[in-house]
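Written below as structure tokens is the structure these notes are about.
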Amino acid sequence: MLGKWSTKLALLLSGALLAAGCAAGTQGSNGGAASSSEPRSGGTLTLLNQAETQGINPTKMGVSLTATRGDGLAGFSIFGGLVLQDAAGNLQMSMAESLQTADNTTWTLKLRPGLVFTDGTPFDAAAVKSNWERHGAQGSTSFALPVVRAMSALNVVDDRTLQIVLAAPNGQWPRSLATYPINFIASPTSLEATPDAPLGAGPFVLKEWLRDDHMTLVKNPKYFDAPRPYLDEIVIRPIPDSQQKYNALVSGQGQIMHDSVDFQLASTAEAAGFQVLRTAVGGAQGFVFNEKRAPFNDVRVRKAVQLGVDLNLLNELVQGGKADLATTMAPVGTTFYDASTQYPPANRAEAQRLIDEAVAANGGPIKFSILTVTRTRSTAEGVQTLLSELKGLEVSVNAQATTQAAVVAGDYDMGITGFFLADPEPVLYDGFNSKSPRNFMGYSNPEVDAALVKGRSSGDEAERKAAYATVQRALVADMPFLPLWRVPSAMMYTSKVQGVKTIADGLVRIDEVWLTED
Numbered sequence: 207m208l209g210k211w212s213t214k215l216a217l218l219l220s221g222a223l224l225a226a227g228c229a230a231g232t233q234g235s236n237g238g239a240a241s242s243s244e245p246r247s248g249g250t251l252t253l254l255n256q257a258e259t260q261g262i263n264p265t266k267m268g269v270s271l272t273a274t275r276g277d278g279l280a281g282f283s284i285f286g287g288l289v290l291q292d293a294a295g296n297l298q299m300s301m302a303e304s305l306q307t308a309d310n311t312t313w314t315l316k317l318r319p320g321l322v323f324t325d326g327t328p329f330d331a332a333a334v335k336s337n338w339e340r341h342g343a344q345g346s347t348s349f350a351l352p353v354v355r356a357m358s359a360l361n362v363v364d365d366r367t368l369q370i371v372l373a374a375p376n377g378q379w380p381r382s383l384a385t386y387p388i389n390f391i392a393s394p395t396s397l398e399a400t401p402d403a404p405l406g407a408g409p410f411v412l413k414e415w416l417r418d419d420h421m422t423l424v425k426n427p428k429y430f431d432a433p434r435p436y437l438d439e440i441v442i443r444p445i446p447d448s449q450q451k452y453n454a455l456v457s458g459q460g461q462i463m464h465d466s467v468d469f470q471l472a473s474t475a476e477a478a479g480f481q482v483l484r485t486a487v488g489g490a491q492g493f494v495f496n497e498k499r500a501p502f503n504d505v506r507v508r509k510a511v512q513l514g515v516d517l518n519l520l521n522e523l524v525q526g527g528k529a530d531l532a533t534t535m536a537p538v539g540t541t542f543y544d545a546s547t548q549y550p551p552a553n554r555a556e557a558q559r560l561i562d563e564a565v566a567a568n569g570g571p572i573k574f575s576i577l578t579v580t581r582t583r584s585t586a587e588g589v590q591t592l593l594s595e596l597k598g599l600e601v602s603v604n605a606q607a608t609t610q611a612a613v614v615a616g617d618y619d620m621g622i623t624g625f626f627l628a629d630p631e632p633v634l635y636d637g638f639n640s641k642s643p644r645n646f647m648g649y650s651n652p653e654v655d656a657a658l659v660k661g662r663s664s665g666d667e668a669e670r671k672a673a674y675a676t677v678q679r680a681l682v683a684d685m686p687f688l689p690l691w692r693v694p695s696a697m698m699y700t701s702k703v704q705g706v707k708t709i710a711d712g713l714v715r716i717d718e719v720w721l722t723e724d
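Heads up: the sequence shown is residues 207 to 724, going by my numbering.
This is the structure:
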């Protein structure tokens with residue numbers, strides 16, 4: 207595959223493709239077609255999603271409210287959510303009526319009255335406590351371990367009230383609840399009876415699931431937010447390849463799709479007459495370096511890779527020049543943007559100098575593999591191509607259907623991932639704090655640890671901005687993560703689909719969607 211990319215790179219360097227390329231695109235918002243009438247109940251919607259869910263049990267799921275993984279849509283459809291968070295970081299109560307604290311250490315969660323699971327059992331404070339204890343049980347591999355380990359006590363006050371006592375103050379704790387799968391509450395009774403397919407209290411009920419083919423869900427008549435959901439049935443089809451997914455939309459195999467990989471696809475869909483709703487997502491997609499082993503335990507190699515990857519060339523190679531490049535973690539114009547946190551531009555001469563030093567110390571060439579999921583293989587191969595210009599590097603690409611197990615086990619050198627920020631908390635703390643169980647890079651910097659604690663414990667915006675500026679500057683200096691570009695999150699759909707709204711990084715509020723009459 208390297209030959210194909212090398213030929214394209216040669217054309218880019220000669221100017222043949224750069225002249226024809228477009229400037230990097232910006233990811234704005236487009237509300238799509240305005241609804242011409244009140245929501246209508248009924249109908250079946252087929253949604254083409256970019257990934258399959260890891261499982262239906264919340265302890266097997268990843269980030270709760272996300273469009274970039276399959277867990278978000280399946281989880282919200284079946285379980286709903288205690289709290290919701292939009293792309294700007296604004297929190298909204300959902301199945302929770304309130305979430306309050308007087309000291310940032312003891313939080314009180316109050317549930318809405320009358321909540322019930324689809325098996326008829328009560329959705330009460332005891333059910334929430336039981337679910338959260340499962341995430342923290344001995345031997346658990348739950349994605350929510352950082353959150354449950356930060357709890358020192360869970361006390362049921364009454365049927366609707368749960369008291370959460372944290373081990374340390376965290377003024378931003380509701381963001382962790384919105385981010386992690388503790389936001390999804392399953393019936394404790396069904397968790398015991400059918401742990402691989404427990405029942406929830408969300409807008410839909412699972413009818414059928416054939417992994418990697420489709421998931422069919424039907425309307426939950428007991429959903430707390432009547433008259434929602436409006437649809438009688440939804441069918442979720444996972445199609446990881448962006449172009450195949452778009453072709454399925456065009457051919458009528460679905461009425462709506464989500465993509466967060468291909469920057470050009472939303473514009474193509476608009477030109478073809480589809481409605482498009484974009485979601486601007488903070489943070490960046492990029493690569494993490496495993497500092498627990500060679501060669502990336504050497505900061506010179508990490509910095510050399512960053513300096514050796516010209517983002518403008520990579521953009522042309524992989525995204526046709528349409529990507530919104532991430533030269534900082536926080537985008538310009540957002541609360542936590544700081545101009546002093548810019549990543550340095552590509553510098554091949556300096557990259558080669560650092561590699562030469564590392565080769566001399568190593569006694570031979572620097573060898574590593576780039577771990578990637580199949581849908582982002584082209585990005586990894588683009589980076590491989592750019593780094594092939596440096597002497598003393600031997601780079602391979604390892605594309606897998608899923609990479610989570612390898613990353614958690616530390617069995618990787620350099621891996622593609624993303625840190626997507628509606629707010630820096632909890633993403634940066636969990637990813638970069640040296641004591642976090644989700645710091646899979648082995649990154650450690652005491653100054654960063656202290657700043658991350660300050661950022662999560664403070665409620666003062668100025669203090670938080672200063673703390674996260676410290677964090678971002680250290681990430682540039684230490685280079686545990688190489689950011690590439692923002693995420694091009696977009697929903698594309700036919701004019702028959704109405705009520706399309708998104709939360710988080712572009713997750714569709716499926717309970718709000720409805721269909722016009724044929």
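Every residue gets a Cβ at the ideal spot worked out from N, C-alpha and C, and that includes glycine.
Opening and closing residue of the alpha helix (DSSP H) in which residue i lies
| i | result |
| --- | --- |
| residue 481 | No alpha helix (DSSP H) contains residue 481, which is instead part of the beta strand (DSSP E) from 481-485. |
| residue 610 | 610-615 |
| residue 169 | One cannot answer for residue 169 here, as it falls past the ends of the chain, which runs 207 to 724. |
| residue 563 | 554-568 |
| residue 458 | Segment: none, residue 458 is in no alpha helix (DSSP H) and carries neither H nor E. |
| residue 335 | 331-341 |
| residue 633 | 633-638 |
| residue 593 | 583-593 |
Residues that residue i bridges to, as DSSP identifies them
| i | result |
| --- | --- |
| residue 443 | 254 |
| residue 412 | 423 |
| residue 752 | Coverage of the chain is limited to positions 207 through 724, which leaves residue 752 absent and any answer about it impossible. |
| residue 465 | 696 |
| residue 577 | 604 and 621 |
| residue 200 | In this structure the chain extends from 207 to 724, so residue 200 is not present and cannot be described. |
| residue 379 | In DSSP, residue 379 forms no bridge with anything. |
Close beta carbons around residue i, own chain, < 6 Å, minus the five adjacent residues each side
| i | result |
| --- | --- |
| residue 493 | 620, 622 and 688 |
| residue 436 | 245, 247 and 720 |
| residue 237 | Legend: pLDDT at residue 237 = 39, less than 50; position of this residue unreliable, value from coordinates given subsequently. Around residue 237: no qualifying Cβ. |
| residue 627 | 488, 489 and 633 |
| residue 716 | 283 |
| residue 613 | 621 and 646 |
| residue 475 | 482 and 698 |
First and last residue of the uninterrupted beta strand (DSSP E) at residue i
| i | result |
| --- | --- |
| residue 367 | 367-372 |
| residue 428 | No beta strand (DSSP E) contains residue 428, which DSSP labels as neither H nor E. |
| residue 284 | Element bounds for residue 284: not the beta strand (DSSP E) but the alpha helix (DSSP H), 276-285. |
| residue 362 | 357-364 |
| residue 671 | Looking at the DSSP string, residue 671 is not in any beta strand (DSSP E); the run it does join, the alpha helix (DSSP H), is 667-684. |
| residue 602 | 599-606 |
| residue 719 | It is not in any beta strand (DSSP E) - residue 719 carries neither H nor E in the DSSP assignment. |
| residue 493 | 490-495 |
Residue closest to residue i, alpha-carbon to alpha-carbon, out of the options
| i | options | result |
| --- | --- | --- |
| residue 429 | 656, 422 and 438 | 438 |
| residue 701 | 440, 355, 463 and 538 | 463 |
| residue 501 | 601, 690 and 274 | 601 |
| residue 616 | 498, 594 and 671 | 498 |
| residue 582 | 539, 491 and 440 | 491 |
| residue 538 | 635, 692 and 425 | 692 |
| residue 334 | 312, 358, 604 and 369 | 369 |
| residue 551 | 534, 542, 540 and 544 | 534 |
| residue 547 | 685, 696, 305 and 371 | 685 |
| residue 411 | 326, 466, 359 and 477 | 326 |
| residue 328 | 366, 524 and 390 | 366 |
| residue 515 | 504, 532 and 606 | 532 |
| residue 641 | 353, 299 and 295 | 353 |
| residue 356 | 383, 336 and 587 | 383 |
Sequence-distant residues of the same chain with beta carbon closer than 8 Å to residue i, five excluded per side
| i | result |
| --- | --- |
| residue 673 | 657, 658, 660, 661 and 664 |
| residue 228 | Bear in mind that a pLDDT of 34 at residue 228, under 50, signals an unreliable position, so the number given afterwards is only what the model happens to contain. Here the set comprises 526, 527 and 528. |
| residue 351 | 341, 342, 643 and 644 |
| residue 472 | 465, 482, 484, 694, 696 and 698 |
| residue 415 | 262, 403, 421 and 422 |
| residue 363 | 314, 331 and 369 |
| residue 565 | 571, 572 and 598 |
| residue 406 | 284, 285, 286, 323, 324, 390, 391, 392 and 393 |
| residue 448 | 256, 465, 467, 468, 471 and 581 |
Residues near residue i by beta carbon distance below 7 Å, same chain, minus five either side
| i | result |
| --- | --- |
| residue 676 | 653 and 657 |
| residue 540 | 488 |
| residue 639 | 645, 655 and 658 |
| residue 446 | 256, 257, 580 and 581 |
Distance cut-off 7 Å: residue i Cβ against heavy atoms of the ligand MG
| i | result |
| --- | --- |
| residue 275 | Summarising the ligand content, the structure contains no ligands, and the ligand MG is consequently not present. |
Flag this pair as touching only if the stretch 288-296 and the stretch 361-375 have three or more C-beta atom pairs under 8 Å; answer yes or no. The stretch 288-296 makes no contact with the stretch 361-375: fewer than 3 CB pairs, one atom from each, lie closer than 8 Å.
For the stretch 307-324 and the stretch 437-452, state whether three or more C-beta atom pairs, one from each stretch, are separated by less than 8 Å. Between the stretch 307-324 and the stretch 437-452, the count of C-beta pairs closer than 8 Å stays below three; the two stretches do not touch.
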